[in-house]
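Here is the structure we will look at.
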Amino acid sequence: MSPRIVIAGGGLAGLAAAVALTDRGFPCTLLESRPRLGGRASSFHDPTTNTDIDNCQHVTLGCCTNFRHFCERVGLQDFFRREPALFFVGPGGKINPFAAGWLPAPLHLTGAFARLSYLSWSDKLSLARGLKALAGPVSPADESQPFSAWLTKHHQTPTTIERFWFVVLVSALSESLERISVSHARKVFVDAFLAHRDGWYVDIPSVPLEELYGGLLTEWLTSRGTTIRLQSAASQVEMSGDHVSSIRLGSDEVIVGDEFVVALPFFRVMSILPSMLQTHPDLQGIERLESAPISSIHLWLDRPIMDLPHVVLVDRVSQWVFNRTVVGASTNAGEAKPGVVKVVESGSSLEQAHYYQIVISASHQLASKSKSELEQIVLQELAEIWPEAAKAKLLHSRHVTEHRAVFSPLPGVDLLRPSQQSPIPNLQLAGDWTKTEWPATMEGAVRSGFLAAENILRRMGQPAAVLQPPLKTAWLSRWLFGL
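With my numbering applied, the sequence shown covers 3 to 485.
Below, the structure is given as structure tokens:
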């Protein structure tokens, strides 16, 4: 008889566990408190445009091998657009294309770094020395200090810190340099820039995440026997003797099972665990994890303001601008005009609008600003770069702040993260906040789900390697940096 597997949480961690187990012939019951799957990587319906829009633009990198495998296994890979170049806009408004050259890693991006117009040659030499030092092992002394202190220790210029290290790391880790550990910063640069030629590539979903997880992935899972129950919030993990026997829902319904995965956010998980785990030393670090916000501003304008699919802004409040008109988005009738949606104006007929999303990570400093103030800041920054933005009429806007978007990668944070195997044998934990060797990313979430699934398969006597290996480190990177 097939074991009854219950997964609480329909974010990427829970979905990854469900896919791995279902794919190996073990369908699950997946419980999700919201009316949609995806967790923080999800969409919401905007009634004005009558479309689904993502709460925040999510991207993945070439080094995210487990997320890529997850998408390929369930048929989502064709809904991501790979960007052959990044575009950095310097303080003066000049656009700097950033793409790999023909040299092997880690030299493949040398030309791209050299051409950044907003860094002087002394800044670039400082940056090169900093990257070489960061590729080395992290000492215990360095790991106890924030990355901002490491940058000072390694003589990084103020301009390099503000225009390079800040730009890359705040986007990748969603925290300020004063709240990032050296090991997490190293992870970003080694995996994305130094180890392999393809690690830096950015893949952007071309459709709203709801179409991926609520449509295609849901169909893949349910067609293979997995049951998905939306608006079914887990309220308590219940014990029978020394093992978990069921999960009680908020409605008081009891879901009985044999193997369990709790894939909830770290700030919710302790409240539903059995009392014997509330004080267990292996889990005490969970309540010491901190979080950081990410804000997104969605703008619908009456005209296009840029042709590029995205840009990264330097020395501005806005950090990324995604041109959803180019990247693609769903439309009311599925027309072949990606990204162009209809917006209703008072007293007018439906008009064609162009949709842009601006993302601001580590947005602590925006808490005191009203939506109107933030909107004006963003529109002014766009107008300083693209003259058409100054002429554009704002037809519609939405503002979303995910206040607990990620766990903060503070120094010592990895000591607080629990493993997927809980102290109770038939209970697994999953989430990007568990021990994954990755920061709070979609890759980290998928890794946690795969690791939880591996534990269950091992317990059932059918061990399997679900976790995917990283990209193979280039020979020159091994020789130069010992990676």
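Just so it is clear, CB atoms sit at the ideal spot from N, CA and C, and this is done for glycine as well. If you're wondering where the values come from, they're calculated on a predicted model, not measured in any experiment.
One thing to note: H401 has its Cβ no nearer than 9 angstroms to the Cβ of T51. Membership of T229 in the beta strand (DSSP E) is indicated by the continuous run T229 to R231.
For a cut-off of 8 angstroms, the C-beta gap from D48 to P210 is around 10 angstroms, too long to register as a contact. Restricting attention to beta strand (DSSP E) runs no shorter than 3 residues, the stretch 418 to 484 encloses them at 429 to 431, ordered along the chain. Under the three-state reduction of DSSP output, G13 falls in the strand class. Beta-bridge annotation (DSSP): Y357 is paired with W302. By the criterion of a C-beta distance shorter than 6 angstroms, E34 is surrounded in its chain by G12 and L232, once the five residues flanking it on both sides are discounted. Around the beta-carbon of L368, 16 or more other beta-carbon atoms lie within 10 Å, marking it buried. In this structure, the CA atom of V190 is about 12 angstroms from the CA atom of S176. In this model, R419 and D434 are separated by some 9 angstroms (Cα to Cα). A distance of 9 angstroms or more separates the beta carbons of I296 and V61.
It is roughly 16 angstroms from the alpha-carbon of V271 to the alpha-carbon of M241. The alpha-carbon of F46 is positioned some 13 angstroms away from that of T403. For A114 against S479, the beta-carbon gap comes to about 16 angstroms, at or over 8 angstroms, which does not count as contact. The three-state reading of DSSP puts H198 in coil, since its state is none of H, G, I, E or B. The C-beta of Q321 has 16 or more other C-beta atoms within 10 Å across all chains shown, which makes the residue buried. DSSP, reduced to helix, strand and coil, places G40 within a strand of the structure shown.
Runs of the alpha helix (DSSP H) lying entirely within the stretch 172 to 216, each at least 4 residues long, are 184 to 191 in chain order. Rounded to the nearest whole angstrom, the CA to CA distance from T220 to L78 is 12 angstroms.
A contact between stretches requires three or more CB pairs, one per stretch, nearer than 8 angstroms, and the stretch 248 to 268 meets this requirement with the stretch 17 to 31. For S248, the enclosing beta strand (DSSP E) starts and ends at H245 to L251.
Runs of the alpha helix (DSSP H) spanning 4 or more residues and lying entirely within the stretch 78 to 147 occur at 112 to 116, 123 to 136 and 142 to 145, in chain order. Judged by beta-carbon spacing, L251 lies beyond the 9 angstroms limit of S273, meaning their Cβ atoms are not closer than that value. By the CB criterion at 9 angstroms, Q359 and L301 fall inside the cutoff.
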